[in-house]
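Since the structure comes first, as structure tokens, the remarks are kept for the end.
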Amino acid sequence: MGVCRIRRSIIQRTALVFALATATPFAVAQTFPNHAINLVVPYAPGGSSDVVARLLAQKLSEQFGQSVVVENKPGAGATIGTAYVAQPGHGGYVALLADNAQTTAPAMYSKLSYDAVKDFSVAGFVGQASALLFASKNSGLTSVQDVLDRSKEKPKSLTIGTGNGSPSHLISELFQIKSGVQLQVVPYKGASAALNDLLAGHIDMVFTNPASAAQYLEGGRLTVLGQTGEKRDPRFANVPNFKDSGIKNLDVAYWFAVLLPADTPADIQARWRKEVDVALNSPEVKAKLDSLGINQTGMTPAAAQSLIKDEAVLWKQVVNEAGIKAE
16 MGVCRIRRSI IQRTALVFAL ATATPFAVAQ TFPNHAINLV VPYAPGGSSD VVARLLAQKL
76 SEQFGQSVVV ENKPGAGATI GTAYVAQPGH GGYVALLADN AQTTAPAMYS KLSYDAVKDF
136 SVAGFVGQAS ALLFASKNSG LTSVQDVLDR SKEKPKSLTI GTGNGSPSHL ISELFQIKSG
196 VQLQVVPYKG ASAALNDLLA GHIDMVFTNP ASAAQYLEGG RLTVLGQTGE KRDPRFANVP
256 NFKDSGIKNL DVAYWFAVLL PADTPADIQA RWRKEVDVAL NSPEVKAKLD SLGINQTGMT
316 PAAAQSLIKD EAVLWKQVVN EAGIKAE
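For the sequence shown, the working numbering begins at 16 and goes up steadily by one.
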């Protein structure tokens, strides 16, 4: 009798363990999230990525029923925060608000602890914005043609400020490659420092996104010379594309996306994709993104994954051709 009870107990425990093991993926998906989520921004507070992250975090908190906390982890060209998110085992509770640095950093830094393409999965593509070339009033520049003429007459006589190794830096290098001009690149720790010097007239130009510098156009403090892309941004309909000035294949744009570590369980990835899509289609988020100059393209996560892969190749080519190195 005792033996029968022991056997019955063993069988019951085995069945329970099996049931728990097989039910785990479903159970996890049903209970996620059961505590706060971190949305990592690989920059200091205040920049465009931070603004976008806080906008999404507020909406996602409502949808998930748990706090989505923005966590700023700046440094090393956005690679510190990105490397943190890439670590395995977060279980869907850590996501990244990524931008072009996801593809420019691997081109600049050869010994990263993560693979920018393989170690991440796209939960949602937020949108993109044209790269705008701004000039200071002191520069006397009023058009892209002015830049071409003065640079060809006297190479490196014009200065352009960039964060070293940043997306703006590589866009500046791509501009030089495609236009055939030589500019004097002035490195800064970040875009805000470069913009401050541009406003003060210490440098001639800066490449940046509308969210960062458009506020300075209203008072006439800066001049916007040109924009990337096939089509003109409706907000800057009077600003020519670079192709209008004869510079072809300068179709890159600033973009933002929500990424998850690749090891995030499939069911939780699906939940993230659903919630991010709902957030991006909410009227308040759409209105705010529009005010920031960020165009929602409706790009699918799969298409965004391909974009990241293609841009990683492009920026590697630009870095090699320009012969630039991270400092």
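From the three backbone atoms N, C-alpha and C, an ideal C-beta is built for every residue, glycine too. This one's a predicted model, so the numbers in the text were calculated from it and none came from an experiment.
Between residue i and residue j, what straight-line distance do the alpha-carbon atoms span, to the nearest angstrom?
i	j	result
residue 101	residue 117	12 Å
residue 80	residue 206	35 Å
residue 332	residue 302	36 Å
residue 281	residue 50	19 Å
residue 104	residue 163	51 Å
residue 46	residue 113	26 Å
residue 2	residue 71	With the chain covering only 16 through 342, there is no way to say anything about residue 2.
residue 143	residue 310	5 Å
residue 156	residue 249	23 Å
residue 159	residue 180	24 Å
residue 200	residue 189	12 Å
residue 165	residue 172	8 Å
residue 326	residue 134	16 Å
residue 286	residue 69	20 Å
residue 321	residue 218	36 Å
residue 254	residue 337	27 Å
residue 59	residue 260	36 Å
residue 252	residue 243	12 Å
Under 8 Å between the Cβ atoms of residue i and residue j?
i	j	result
residue 186	residue 146	yes
residue 54	residue 77	no
residue 275	residue 141	no
residue 7	residue 63	Examination of residue 7 is not possible in this model, given that the chain is present from 16 through 342 alone.
residue 67	residue 271	yes
residue 228	residue 307	no
residue 209	residue 241	no
residue 193	residue 263	yes
residue 213	residue 237	yes
residue 122	residue 334	yes
residue 129	residue 98	yes
residue 297	residue 74	yes
residue 152	residue 216	yes
residue 239	residue 148	yes
residue 132	residue 340	no
residue 108	residue 48	yes
Relative to the C-alpha of residue i, which residue among the options is closest?
i	options	result
residue 247	46, 258, 238	258
residue 88	302, 110, 261	110
residue 150	140, 161, 335	161
residue 119	338, 328, 238	328
residue 169	197, 337, 256	197
residue 138	283, 263, 338	283
residue 221	195, 234, 182	182
residue 106	312, 314, 136, 245	136
residue 82	52, 299, 184, 90	52
residue 267	293, 90, 330, 279	330
Measuring only between beta-carbons, confirm whether residue i sits less than 8 Å from chain D.
i	result
residue 48	Of the chains in the structure shown, none is chain D; there is only one protein chain.
Following the continuous beta strand (DSSP E) through residue i, name the residue where it begins and the one where it ends.
i	result
residue 53	52-56
residue 276	268-276
residue 211	No beta strand (DSSP E) contains residue 211, which is instead part of the alpha helix (DSSP H) from 206-214.
residue 86	83-87
For the alpha helix (DSSP H) containing residue i, name the first residue and the last one.
i	result
residue 401	Because residue 401 is not part of the residues shown, which for the chain are 16 to 342, the question remains open.
residue 335	316-337
residue 238	No alpha helix (DSSP H) contains residue 238, which is instead part of the beta strand (DSSP E) from 237-242.
residue 279	No alpha helix (DSSP H) contains residue 279, which DSSP labels as neither H nor E.
residue 132	It is not in any alpha helix (DSSP H) - residue 132 carries neither H nor E in the DSSP assignment.
Here's a check: name, in chain order, each residue in its chain whose Cβ is nearer than 8 Å to the Cβ of residue i, leaving out the five neighbours to either side.
i	result
residue 16	Here residue 16 scores only 46 on pLDDT, less than 50, and its place in the model is too uncertain to base an answer on.
residue 316	136, 137, 138, 139, 140, 288
Please work out which residues of its chain come closer than 6 Å, Cβ to Cβ, to residue i, disregarding the five sequence neighbours upstream and downstream, and give them in chain order.
i	result
residue 37	For residue 37, the predicted model reports a pLDDT of 48, less than 50, meaning its position is unreliable; a value from the coordinates is still stated below. Answer for residue 37: no residue qualifies.
residue 92	120, 180
residue 84	51, 53
Could you pull out every residue in the same chain whose Cβ sits closer than 7 Å to the Cβ of residue i, ignoring the five residues on either side in sequence?
i	result
residue 269	114, 115, 143, 144, 146, 182, 224
residue 293	78
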